[in-house]
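When you line the sequence shown up against my numbering, it's residues 19 to 244, in that order. Report on one structure; see the data block that follows.
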Amino acid sequence: MTAIALIALLAFFVFFVLWATALIRKNGKAKKMFLFGLAALLVFIIGISVADTQKPAETNSKPVATTPVKENEVTTEPVQKEQTNDKKPLIGTSLPFDKFSSALFTLPVSKQGEAFDSVRNQVVSWSGVVIEAGSSSLYVYGKPADYNGESWSDISAEKKKLGDVIVVKVSDRSELNGLNPGDVVTFKGELGSRGAKGEANWKLYNGKIEGRTVAESPNLENHYQS
């Protein structure tokens with residue numbers, strides 16, 4: 019029901035009461051009140067009709083849930099998997115020096131750089147015989163059985179055995195105190211650069227001496243006697 023229809027209905031009742039009162043009193047206003055009441059009734063009927071016409075039709079349709087379509091969706095899983103594989107070491111850092119270097123040198127030369135890069139800066143723990151103890155670096159031969167007492171200057175000049183030499187840059191120089199050629203040491207450090215047969219030595223950084231055994235190999239003793 020609209021506001022106009024409600025007002026018309028109230029007016030009808032008012033004029034109906036006034037019409038009845040005028041009719042009883044016979045004051046000549048009965049006809050006038052009757053006409054006003056009739057007009058109010060007509061307005062009420064028209065207001066009701068208009069309200070019914072404007073009422074929105076109800077429908078039984080329900081909203082249909084739709085699943086949004088993801089266009090051009092790109093997953094990063096294959097990329098992440100590929101990156102993980104790229105970081106996988108191509109050579110075992112837990113191997114002793116002789117097996118580590120052998121595994122690297124048996125690879126094609128074109129693959130050796132890639133294999134070493136996969137373990138660069140990783141910490142290894144190796145052992146060898148002392149060639150020379152410098153002010154901040156220890157020169158170690160990684161295959162004691164093949165060492166014949168050569169000095170660092172001899173090896174660096176001849177270069178034949180250079181690929182089996184590890185230069186250990188120590189963090190604490192005091193660890194080099196008391197180390198002599200021929201001592202067998204265990205050490206660890208971060209892989210900095212790789213050796214190459216007859217061309218370059220290995221280099222470890224942030225090195226630390228973990229153990230020392232004072233022992234002369236037969237090869238070293240025979241070298242000094244000659």
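Virtual Cβ for every residue (Gly too), placed ideally from N, Cα, C.
Residue i versus residue j - alpha carbon distance
i: residue 112; j: residue 176; result: 30 Å
i: residue 191; j: residue 123; result: 31 Å
i: residue 142; j: residue 173; result: 23 Å
i: residue 120; j: residue 195; result: 31 Å
i: residue 158; j: residue 166; result: 13 Å
i: residue 106; j: residue 227; result: 28 Å
i: residue 109; j: residue 232; result: 31 Å
i: residue 54; j: residue 60; result: 10 Å
Same chain, Cβ closer than 8 Å to residue i, neighbours up to 5 away in sequence not counted
i: residue 217; result: 177, 180, 181
i: residue 15; result: Residue 15 is absent from the structure shown; the chain starts at 19 and stops at 244.
i: residue 140; result: 107, 111, 208, 209
As assigned by DSSP and simplified to three states, the class of residue i
i: residue 167; result: coil
i: residue 49; result: helix
i: residue 149; result: strand
i: residue 136; result: coil
i: residue 209; result: strand
i: residue 131; result: helix
Cβ shell of residue i (< 7 Å), same chain only, five flanking positions each side left out
i: residue 224; result: 189, 207, 208
i: residue 214; result: 181
Nonlocal neighbours in the same chain, by C-beta distance under 6 Å from residue i, ignoring five residues either side
i: residue 230; result: 201, 203
i: residue 134; result: 212
i: residue 150; result: 157, 170
Buried or exposed (CB count within 10 angstroms, at least 16 for buried), residue i
i: residue 212; result: buried
i: residue 129; result: exposed
i: residue 154; result: exposed
i: residue 193; result: buried
i: residue 268; result: Look at the range of the chain in this structure, 19 to 244, and you will see that residue 268 is not part of it.
i: residue 102; result: Residue confidence for residue 102 is low, a pLDDT of 44 falling below 50, so the modelled location carries little weight and cannot support an answer.
i: residue 127; result: exposed
i: residue 31; result: exposed
Option nearest residue i by Cα separation, candidates the options
i: residue 24; options: 35, 63, 147; result: 63
i: residue 221; options: 40, 137, 187; result: 187
i: residue 197; options: 36, 136, 219, 156; result: 156
i: residue 56; options: 46, 28, 21; result: 28
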